[in-house]
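Numbering that gives the first Met the number 0 applies: residue 0 is where the sequence shown begins, and numbers increase by one. Data block below; observations after.
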Amino acid sequence: MLENLYKIINGEWKGYYGVFQKIGASGQMIKLNIYETNPDTPIMISWFNLNDVEQVG
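Laid out in structure tokens, this is it:
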């Protein structure tokens with residue numbers, strides 16, 4: 000299992016998994032790399048509210 004793995008639990012990307020990149024300055028947002036099938040190339044790098052993700056790894 001990957002360390003720092005998060006599952007998106009709310010919103011448009013619900014059900015996708017992302018790898019932690021950093022926490023925002025406010026402490027309320029988290030930046031994740033979202034991957035589909037290629038582990039070398041993320042399909043999206045985006046910010047999510049901490050209430051919309053849960054850590055799974």
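Note that the Cβ used here is the ideal one computed from N, Cα and C, for glycine as well.
Beta carbon of residue 49 nearer than 8 Å to that of residue 29 | Cβ atoms of residue 49 and residue 29: closer than 8 Å.
Please state whether DSSP places residue 50 in a helix, a strand or coil.
-> Helix, per DSSP.
Excluding five sequence neighbours on each side, which residues of the same chain lie with their C-beta closer than 6 Å to the C-beta of residue 9?
-> So the qualifying residues of the chain are 51.
Residues sharing a beta bridge with residue 45, DSSP | DSSP, once it has assigned bridges, lists 31 as partnering residue 45.
Can you tell me which of 11, 13 and 19 puts its alpha carbon nearest to the alpha carbon of residue 2?
-> The residue with the shortest Cα to Cα distance from residue 2 is 19.
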